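>
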Amino acid sequence: MDVFALREKVVSDYKQYIESFVRIRDERIDGFVQEELRKGALWPEAILQLNPAYQPGPTLDDLAAKGSLLPETARFFRLRDGNPIRLFHHQHEAIQIASRRESFVVMTGTGSGKSLTYLIPIYDHILRNHPERHQVRAIIVYPMNALINSQHQALSDYAAQAGGSAIRFDKYTGQERDEQRQRILDNPPHILLTNYVMLEYMMVRPTERHFTDRATANLEFLILDELHTYRGRQGADVAMLVRRVRERAGNPRMLHIGTSATMVSEGTRAERKAAAAEVAAKLFGVVVKPENVVDETLRQAVRVPCPQNAESLRAAVEAPLSEETAEVFIHHPLAAWVEETFGVAMEDGRLVRHEPITLAEGVRQLSERTGLPESVCVEKLQSILSAGNRIQTDYDEPVFAFRLHQFLAAGGTVYATLEAGASRYLSLQGEYYAPGSKGRLLYPLAFCRECGQEYYLVNRSKGEPKRMTPRLPLFDSENEEGGVQPGYFALNEGEVWSEAHQAELPDFWFDERKGERQIKRDYKPCLPEKLRAAANAMIGDSGDGDGERAEGCSSLNLFFFACAAGPPTTGQKRMISVS
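Per the numbering used here, the very first residue in the sequence shown carries number 458; after that it's consecutive.
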């Protein structure tokens, strides 16, 4: 799959979808919106993140030979081709902490193999300590069932490759059929994969309490995956749940393990570790030492130095990739520049992940340094990135595993000051005042679905002083604030409203009385009313009044359209038919 072509297709389709229902009558507003869309207001440039290479550690067979792991554990966790797994440095560090029976947190990026940091020590510990007991020994809590299903499949693949497993594992998500759930209840697995909602049920449902009860369980591991998802009130709920589980299990030596790709991003390495340890300690309710926060140890995947001058970098861009092999790729100078630009950076003498930048920014940098056109640079960058993603390393992983993050906004509202159409300030940001102004309010605009006429969304005060303040785009008659009348303002530019337009009002606004078509009494207050107001929202005493003016702002003639019994409908024609 060409991820770059896919990104262009997704953005193009979304752009066509957005533009299909954007209809704006005012040329200046329409030009403003089109320019903002062109600059990517709803689809900014894609951010490119290159997964860095991790410092290697020993293989599982090496650890088994030293007695750190059982041979059965090393045989269970193997690559697809049957070769032993070579751990990353951070995985080995975490397994060593687990062997000391100390709680820890693994704070590494996506694709760093965080699950092995707890699955390997759990599996090995159960093998060493009465695997014949049919009791839940480890509960692994995931924030989403999709993660549970993925992890269960991975364990099933390991078991199939190993020809079976002495350690039983199962998932308990609430989506199991009755026979599956009964099987788990009758014969509890050693390792239970679940979510925090089901863990709560294990505490309160009589049929499931034996998963955590001290009389029938021997719970020794409690793992929370994706720690950063537990925050706010949900985090407090999960923290209390963990404490209840520990109290119910009655095991003071229970090991608590957490994983997170992103939890703390500011400060020095020591400060980040201390902050992560503090967060984990609050969540688990146990001591987590800062030195037991395991972070990434990175290395450079490319074996040649990055080109340092324009000539050598230009030659690197123009140099072809002679063949798609790992050995050729890691000695290509353009690959070195890509890794340094998108992958890793040096911080205090240690390699860390590079701060994410957009692909467009990388193209611009390469073009400026080489003098080559951006069209050439983007083609070469996409080519080298795609090749690096196809070529596999000895670890059965891509040399350059990268992610292209494309954010799509759901759309927004145009905001404008209450000034003449040719001079009013326009913005897509929901600020209350226009920048650099004194009292000039910004109002959200709505547009007629049929003709594109713009309307200010306002609340008109019923008391003194008379003001016209912005209101939210969504109209909710039951929850509107008191003392105001919700409605719409329209600049009296052109023929926005006249007596002749009354014939275009919806039929249900009228009654036939004595052969005359008259507006119903309940709808008369909703007829457009001519007012004069200033940019600071002050309204004159009458349609001809000037109003209290904001500094440097003149008052304007406007029409006020009051909201009827509900939000406007297309049946109300152009004057209050808005999107």
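The beta carbon of each residue, even a glycine, is placed where N, CA and C say it ideally should be. In this text, all values refer to a predicted model and were calculated from it rather than measured experimentally.
With DSSP as the reference, label M601 as helix, strand or coil.
coil
> What residue does the beta strand (DSSP E) around S717 start on, and which one ends it?
712–717
> In or out: Y900 buried (at least 16 other Cβ within 10 Å) or exposed?
buried
> What's the C-alpha gap between L681 and F461?
Just so you know, the alpha carbons of L681 and F461 end up roughly 35 Å apart.
> Once you ignore the five residues that flank H862 on each side, which residues in its own chain have a CB closer than 8 Å to its CB?
A503, I504, L505, Q506, P813
> Tell me which same chain residues have a C-beta within less than 7 Å of the C-beta of H549, skipping the five on either side of it?
G514, P515
> Taking just the CA atoms, how far does L650 sit from Q610?
11 Å
> Can you tell me where the beta strand (DSSP E) with K628 in it begins and where it stops?
626–629
> Suppose you measure from the CA of S840 to the CA of I486; what does that come to, to the nearest Å?
40 Å
> May I ask which residues mark the beginning and end of the alpha helix (DSSP H) holding G692?
689–706
> Beta-carbon separation of P663 and V593 under 8 Å?
no
> Run through DSSP, which three-state label would E973 get?
strand
> Leaving out the 5 sequence neighbours to the left and right, which residues in its chain are closer than 7 Å to A817 when beta-carbon positions are compared?
E502
> Along the chain, where does the beta strand (DSSP E) containing M564 start, and where does it finish?
561–564
> For G514, which of helix, strand or coil comes out of DSSP?
strand
> Name the one or two DSSP bridge partners that Y913 has.
DSSP output for Y913 lists L902, F946 as bridge partner(s).
> For Y913 versus F946, is the C-beta spacing smaller than 8 Å?
yes
> Any contact between the region 918–932 and the region 955–963? By contact I mean 3 or more CB pairs, one from each, below 8 Å.
no
> Determine contact between the region 820–830 and the region 759–777, defined as no fewer than three beta-carbon pairs at a distance below 8 Å.
yes
> Would the beta-carbon of L755 fall within 8 Å of that of Q512?
Contact: yes.
> Confirm, please, whether the CB-CB distance from A734 to V745 is below 8 Å.
In this structure, V745 lies near A734, with their beta-carbon atoms less than 8 Å apart.
> Does DSSP put Q473 in a helix, in a strand, or in coil?
helix
> Is there at least one Cβ from chain B nearer than 8 Å to G806's Cβ?
No chain B appears in this structure, which consists of one protein chain only.
> How would you label T530, buried or exposed, when you count the other beta carbons within 10 angstroms and need 16 or more for buried?
buried
> Okay, do the region 724–732 and the region 580–595 touch, 3+ Cβ pairs below 8 Å being the bar?
no
> Nearest-angstrom Cα distance between I996 and L838?
Take the alpha-carbon of I996 and the one of L838: they are about 58 Å apart.
> Which same chain residues end up closer than 8 Å to V915 when comparing Cβ atoms and leaving out the 5 residues on each side of it in sequence?
Y900, M925, T926, P927, R928, P943, G944, Y945, F946, F1017
> Just verifying my parser: in three-state terms, what is the DSSP assignment at Y882?
coil
> Quick one: grab the DSSP three-state call for H788.
coil
> Between the C-alpha atoms of K977 and R970, what's the straight-line distance to the nearest angstrom?
10 Å
> Which runs of the alpha helix (DSSP H), 4 residues or longer, sit entirely within the region 725–791?
Complete alpha helix (DSSP H) runs here, min 4: 726–741, 767–775, 783–786.
> Could you give the distance in angstroms between the alpha-carbon of A498 and the alpha-carbon of R860?
C-alpha separation (whole angstroms): 21 Å.
> Give a yes or no on whether the C-beta atoms belonging to I648 and I597 are separated by under 8 Å.
yes
> Name the DSSP bridge partner or partners of I596?
L649, L679
> Please look up how many angstroms separate the CB atoms of E876 and I481, rounded, as I've assumed it's under 8 Å.
17 Å between Cβ atoms; not a contact.
> Report yes or no: do three or more beta-carbon pairs, one from the region 553–566 and one from the region 703–715, lie closer than 8 Å?
yes
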